[in-house]
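The structure appears below as structure tokens.
Protein chains: 2
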Amino acid sequence: MKKPLILVVNDDGYAAPGLEAMVSIAKPLGEVVVVVPDRTRSGMGHAITMGEPLRLNHYKTEDGVDYYKTNGTPVDCVKLGEKVVLRNRKIDLLLSGINHGSNSSVSLIYSGTMAAAIEASFDNIPAIGLSLQDYSRNADFTASVHYGRIIVEKVLEKGLPPYTCLNVNIPKSPLEEIKGIRITRQCRATWHEDLEERTDPYGMKYYWLTGYLETFEEDETTCEGALRRHYVSVQPVQHDMTAHQHISSLKYLEL
Amino acid sequence: MKKPLILVVNDDGYAAPGLEAMVSIAKPLGEVVVVVPDRTRSGMGHAITMGEPLRLNHYKTEDGVDYYKTNGTPVDCVKLGEKVVLRNRKIDLLLSGINHGSNSSVSLIYSGTMAAAIEASFDNIPAIGLSLQDYSRNADFTASVHYGRIIVEKVLEKGLPPYTCLNVNIPKSPLEEIKGIRITRQCRATWHEDLEERTDPYGMKYYWLTGYLETFEEDETTCEGALRRHYVSVQPVQHDMTAHQHISSLKYLEL
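Just so you know, the sequences run in chain order L and S.
The first sequence begins at 625 in this note's numbering and counts up by one.
The second sequence begins at 625 in this note's numbering and counts up by one.
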């Protein structure tokens with residue numbers, strides 16, 4: 625049987641330990657090609673590069689995996705991977721991550737990792753974004769690789785519903801404390817921004833964007849609820865953003 | 625009665641004619657504050673600025689409107705507007721645009737204009753993204769201002785459902801040819817990317833990202849369907865991206 629073709633992308637850049645962890649999941653399962661940013665591109669959402677040209681630099685690792693680094697965004701990585709690197713070959717699976725940091729709740733909308741998976745789902749490529757609830761560069765990816773492999777193998781075997789990708793979040797817990805895997809829905813939440821004001825050496829003000837996420841639904845059926853109970857959260861994601869439930873109540877706007 | 629507080633943002637930057645058109649809608653209706661990028665930031669999706677500090681420069685126009693220019697993204701404009709410029713005052717309405725170019729279908733996910741409106745909806749601020757189906761800098765905003773004002777006035781009077789914003793698209797048609805306003809849903813579509821390869825003067829390859837949108841559902845209930853029939857499309861937008869319809873079929877992934 626032909627080995628599945630797996631495109632690996634991320635938003636933390638080519639040097640992130642989480643990328644190495646993802647490649648270690650993918651390599652035994654298929655033909656792996658990696659297209660990733662040449663630097664950290666966190667919080668890029670679904671941004672694409674329109675005003676400047678894209679670059680693509682190829683290198684091969686010692687164990688024979690083809691890597692391509694680009695100045696583009698995570699979503700650009702998917703487009704470059706499909707069109708330029710793989711020249712419209714059929715991609716069997718797109719893997720994005722493993723992200724250093726959780727992408728549960730509305731974080732998925734800010735996330736370059738998940739945007740790349742969503743981009744692939746536009747083209748009906750089965751796609752999985754994988755994120756670990758630990759921002760640290762030295763995060764322990766043991767549990768992520770363990771559960772990531774289980775999920776990836778099942779998805780390669782059974783596929784995904786059309787135009788759907790998965791937002792997989794792994795709790796920051798040792799492998800033996802993780803209780804299992806739950807299919808979840810996105811919980812409501814809000815970011816509380818803090819814009820820290822400073823003054824530069826020239827007397828001009830500038831601001832650092834920081835903040836924290838407050839979640840409002842924490843039952844076991846939600847992403848955050850599952851993570852807090854030490855379960856891996858697997859949220860199916862689609863890209864119709866219509867508020868269907870409000871269409872009839874807004875008919876008063878019609879003319 | 626106190627005048628409503630209206631925050632205006634965009635993604636085409638401070639000098640875009642579409643911004644002037646939006647301010648002309650907002651100014652007679654409330655207290656207007658403008659926070660916009662210092663350059664074109666199209667296709668930025670829900671990107672935020674994490675790796676570098678944000679700047680904010682204030683100026684006042686001749687007719688007394690406060691403008692703030694920032695190096696940040698459209699979503700950063702909303703965060704800076706809420707926290708730094710308006711210091712958590714209650715915002716009655718966020719207006720984003722008027723965008724030079726349509727944001728129907730999946731374009732809304734790439735769009736900085738719509739990301740700014742969605743960002744406001746996270747904080748339950750009524751928000752409207754307004755886009756004209758004409759990319760040209762010299763686009764005629766007459767119909768956009770006419771219909772934009774009608775919609776903005778009604779939303780100021782009646783509000784919007786909680787955590788919901790509107791994606792309003794105006795057809796590229798003279799005012800007298802536009803038939804009215806339709807509440808729509810997002811149609812399925814895909815971008816066909818073209819990555820044009822060139823060689824720079826140093827012999828290195830680079831790529832320009834271009835493409836076109838193919839839409840698959842064009843009945844009158846969809847955004848594209850309404851536009852093609854010369855109606856203004858008003859799509860209510862929410863930010864739960866869960867594929868609820870696929871939760872049960874994915875239970876086989878649970879452990």
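Glycine included, every Cβ here is placed at the ideal spot set by N, Cα and C.
What's the gap between the Cα of Arg809/L and the Cα of Val689/S? Reading the first sequence from its first residue, position 185 is the one you call residue 809/L. Reading the second sequence from its first residue, position 65 is the one you call residue 689/S. For Arg809/L and Val689/S, the distance between alpha carbons rounds to 43 Å.
Figure out for me which residue from Ala650/L, Asp635/L and Leu680/L has the closest Cα to the Cα of Tyr831/S. Reading the second sequence from its first residue, position 207 is the one you call residue 831/S. If we check each option's Cα against that of Tyr831/S, Leu680/L comes out closest.
Contact set between Asp864/S and chain L, taken where Cβ atoms lie within less than 7 Å: Here residue 864/S refers to the residue found at position 240 when the second sequence is read from its first residue. The contacting residues are Gln810.
Can you give the Cα-Cα distance for Pro661/S and Thr697/L, rounded to whole angstroms? Against the second sequence, residue 661/S aligns to sequence position 37. Against the first sequence, residue 697/L aligns to sequence position 73. About 19 Å.
Starting from His770/L, follow the alpha helix (DSSP H) in both directions and report where the run begins and ends. Residue numbering aside, residue 770/L sits at position 146 when the first sequence is read from its first letter. Run containing His770/L: Thr766 to Lys782, per the alpha helix (DSSP H) assignment.
Arg806/L: contacting residues in chain S (beta-carbon distance under 8 Å): Start at 1 with the first residue of the first sequence, and residue 806/L comes out as number 182. Within chain S, the residues near Arg806/L are Glu878.
If we count the other Cβ atoms within 10 Å of its Cβ and call it buried at 16 or more, is Arg713/S buried or exposed? For the purposes of this step, residue 713/S is taken as the residue at position 89 of the second sequence. Classification for Arg713/S: exposed.
Per DSSP, Thr814/S forms a beta bridge with which residues? Here the question's residue 814/S lines up with position 190 in the second sequence. Thr814/S is bridged to Glu838/S.
Under 8 Å by beta carbon: chain S residues contacting Met668/L: The residue given as residue 668/L occupies position 44 in the first sequence. The answer, in chain order, is Gly669 and Ala671.
Give the secondary structure of Glu644/S by DSSP, where H, G and I count as helix, E and B as strand, and everything else as coil. Within the second sequence, residue 644/S is the residue found at index 20, counting from 1. In the structure shown, Glu644/S sits in a helix (DSSP, three-state: H, G or I).
Looking at the C-beta of Thr737/S, does it have a partner C-beta in chain L at a distance below 8 Å? For the purposes of this step, residue 737/S is taken as residue 113 along the second sequence, with counting starting at 1. Closer than 8 Å: no.
In angstroms, rounded to a whole number, what distance separates the CA positions of Met828/L and Thr737/S? For this step, residue 828/L is matched to residue 204 along the first sequence. For this step, residue 737/S is matched to residue 113 along the second sequence. C-alpha separation (whole angstroms): 28 Å.
C-alpha distance - Pro750/L paired with Leu879/S, whole-angstrom precision: Indexing the first sequence from 1 puts residue 750/L at position 126. Indexing the second sequence from 1 puts residue 879/S at position 255. About 21 Å.
Quick check on the DSSP output: the beta strand (DSSP E) that includes Arg761/L runs from which residue to which? As a working note, residue 761/L is residue 137 in the first sequence. Segment: none, Arg761/L is in no beta strand (DSSP E) and carries neither H nor E.
Which chain S residues sit within Cβ distance under 7 Å of Pro860/L? Reading the first sequence from its first residue, position 236 is the one you call residue 860/L. Here the neighbours are Thr866, Ala867, His870, Ile871 and Leu874.
Could you tell me the alpha carbon to alpha carbon distance between Pro641/L and Leu837/L, rounded to whole angstroms? Working through the first sequence from its first residue, we reach residue 641/L at position 17. Working through the first sequence from its first residue, we reach residue 837/L at position 213. Going from the Cα of Pro641/L to the Cα of Leu837/L covers about 25 Å.
Assuming Met668/S and Ala671/L make a contact with CB atoms under 8 Å, what is their CB distance in whole Å? As a first step, residue 668/S must be located in the second sequence, where it is residue number 44. As a first step, residue 671/L must be located in the first sequence, where it is residue number 47. Met668/S to Ala671/L, Cβ: 5 Å. Contact.
Quick one, which of Val769/L, Asn748/L and Met674/L has its alpha-carbon nearest Leu756/L's? What you label residue 756/L is simply residue 132 of the first sequence in a count that begins at 1. The shortest C-alpha separation from Leu756/L is found at Val769/L.
Is it a yes or a no for the segment 815 to 829 of chain L touching the segment 774 to 781 of chain L, going by three-plus beta-carbon pairs under 8 Å? no
Drop a sphere of 10 angstroms on the beta-carbon of Asp843/L, count the other beta-carbons inside from all chains shown, and report buried for 16 or more, exposed for fewer. For the purposes of this step, residue 843/L is taken as the residue at position 219 of the first sequence. Answer is exposed; the Cβ neighbour count stays below 16.
contact_flag[the segment 758 to 775 of chain L, the segment 730 to 744 of chain L] where n(CB pairs < 8 Å) is 3 or more: no
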